[in-house]
Structures are given as structure tokens and as C-alpha cells.
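I have placed the structure first, in the form of C-alpha cells, so that the comments after it can refer back to it.
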């Protein structure tokens, strides 16, 4: 019988792999029957964004690909190169099937159509 | 007594003032509350790098298309100017920004290049030939 005993790493306690993110700037625009969220994520290519909707929380993860070549020496830095993460709580029902997103010039635009049942209804009086 | 040389490597002459304002207003946590465009001097954040061949200036300009950016070099001062337009339904608003950086090296001004990709502007300023590091052989 093959029995393998997992090796215990006694050298050091496992360290938590902490990821640091920066919260990107964003703007919300009110369209007629949808909301558009513009998230400013410079240095992020289209394939490096992940948008997830979990109940009423919209989470955007984006990783940057604007690292400078290794032989460049830094003289002065005013902004860092941290990846982005943004979590937004939606207080309006959106239609998850019709959510669309596009990236242009480092801006991620997400269009969230308001769900049918949340749209204002006029009620006729008999 | 050890003397510590004050090494002001900033090319922005008002960087120290910016830093004091930043700390006073945002409580020292520069990257928590920071807004990309600060209303005071230096309204655009830039990073400066160099290697043997050139000086590089990078800036975060998401949402700015290349036709809205103008870059000029005059008397060793590099000025980056532009505006970001935001569409909201039928109306359009715009935010303008400007940044002037003193370049302390001799630059081959004919060969300056700039490109913007995914909202990151990179300006390459090749160093003039006589300023590149040279190896001198001892005979």
C-alpha cells in the first residue's frame, strides 16, 4: 500500500499571502433605463479585468500590465502600480443577463440595465 | 558627527510643498484618499525613470485620447497638457490638466517620442550623445 505522509513544513509558520489593491476612481452615470459605471483603470488591458456580480455586490478586479522594463531606474514616483479592486453595492435590481462592459483607453465602462420589475410603472385607475 | 546629504531628487521644485499639503489634507496616507488630479501645483501625477539611453516620463491618463494631449519641450521644461472628456447622455463635460517638469539632462529633442496605451502615457526623451555614460579605457 502506498502511503505518503505529507511533509510538515516546520521551518516557518505559513504566512498569509496578502494582496494589496488600490481602489480605482469611478463615476456612475444615470442613463434612461440603465446605469453606467466608468471605472478608471489605467494600464489595464481588456483581458485582465474580471467583473463579478454576487447578489447585489458588483466586484471588479483588474491587473495592470504597465510595468516598466527592468533596466529603467526610477528617479521620481508619484503614483504606484498597484492592481485595482472595487466593490460596489447595488441598491437597484439589475438584469444580470444584459450587463455589458467595454474597455477603452484605460477606462472600463459597465452598463447595468435596470431589471424590468424595478422600473417605474404607471398604474391605471379603472 | 555624520553629515547626511540632503538629496532632493525631485524634479518638481514644489514637490516638498506638495508633500506637506498632501499630508495635511489626506493625513499622510497618500494612496488612500488620493485624487488623481490635485487642484494645487502638479495637477497630474507622473513617474520619472531613466536608463543609459533616455529619460522616461509616465503618467496615468485614463479616458484621454491622444488627440486631446499636447506635449511640448521648451527651454528644458517638458509640459504635458490635455483634457479628458466625459459623455453623459447628451451633455459632455471636460476636465483639463497640465504638468510642467524641468528636465535636468541634455536631451536630443528631435527624437522625443510619446505614446499612450491603455490610459498610460509614456514620453521617451533620448539623452544627447555627449551625456550618455561612456567607458574610458586606460591606456
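Residue numbers (the working numbering), protein chains in the order written: chain A, 1 to 126; chain L, 127 to 265.
Think of the CB as a built atom: it goes at the ideal place given N, C-alpha and C, for glycine as much as any other residue.
Computed from a predicted model, the values in this text were never measured in an experiment.
With H, G and I counted as helix, E and B as strand and the rest as coil, what does DSSP make of residue i?
| i | result |
| --- | --- |
| residue 143(L) | helix |
| residue 126(A) | coil |
| residue 180(L) | strand |
| residue 240(L) | strand |
| residue 77(A) | strand |
| residue 218(L) | strand |
| residue 209(L) | strand |
| residue 231(L) | coil |
| residue 118(A) | helix |
Exposed or buried, what is residue i when buried is set at 16 or more other beta-carbons lying within 10 Å of its beta-carbon?
| i | result |
| --- | --- |
| residue 112(A) | buried |
| residue 173(L) | buried |
| residue 228(L) | exposed |
| residue 146(L) | exposed |
| residue 158(L) | Confidence in residue 158(L) is poor, its pLDDT being 36 and thus under 50, which makes the residue's placement unreliable; the coordinate value appears in the next sentence. Label assigned to residue 158(L): exposed. |
| residue 233(L) | buried |
Among the options, which has the Cα closest to the Cα of residue i?
| i | options | result |
| --- | --- | --- |
| residue 33(A) | 98(A), 104(A) and 86(A) | 98(A) |
| residue 247(L) | 177(L), 196(L), 237(L) and 176(L) | 196(L) |
| residue 85(A) | 62(A), 104(A) and 78(A) | 62(A) |
| residue 44(A) | 200(L), 242(L) and 234(L) | 242(L) |
| residue 118(L) | 200(L), 202(L), 201(L) and 221(L) | Since the first residue shown for chain L is 127 and the last is 265, residue 118(L) is missing from the structure and cannot be characterised. |
| residue 170(L) | 77(A), 104(A), 124(A) and 26(A) | 77(A) |
| residue 104(A) | 200(L), 189(L), 231(L) and 235(L) | 189(L) |
| residue 118(A) | 29(A), 125(A), 90(A) and 80(A) | 90(A) |
Go through its chain and collect everything with a Cβ distance to residue i's Cβ below 6 Å, but skip five positions before and after it.
| i | result |
| --- | --- |
| residue 59(A) | 52 and 87 |
| residue 42(A) | 106 |
| residue 204(L) | 227 and 229 |
Spatial neighbours of residue i within its chain, please: C-beta separation below 8 Å, excluding the five flanking residues on both sides.
| i | result |
| --- | --- |
| residue 101(A) | 49, 51, 108, 109, 110 and 111 |
Among residues of its own chain, excluding the 5 on either side of residue i, which ones have a beta-carbon nearer than 7 Å to its beta-carbon?
| i | result |
| --- | --- |
| residue 115(A) | 93, 94 and 95 |
Segment contact, 8 Å Cβ cut-off, at least three pairs: the stretch 206 to 221 of chain L with the stretch 62 to 76 of chain A: The stretch 206 to 221 of chain L is not in contact with the stretch 62 to 76 of chain A.
Should the stretch 241 to 258 of chain L be regarded as contacting the stretch 173 to 185 of chain L, the criterion being three or more beta carbon pairs within less than 8 Å? yes
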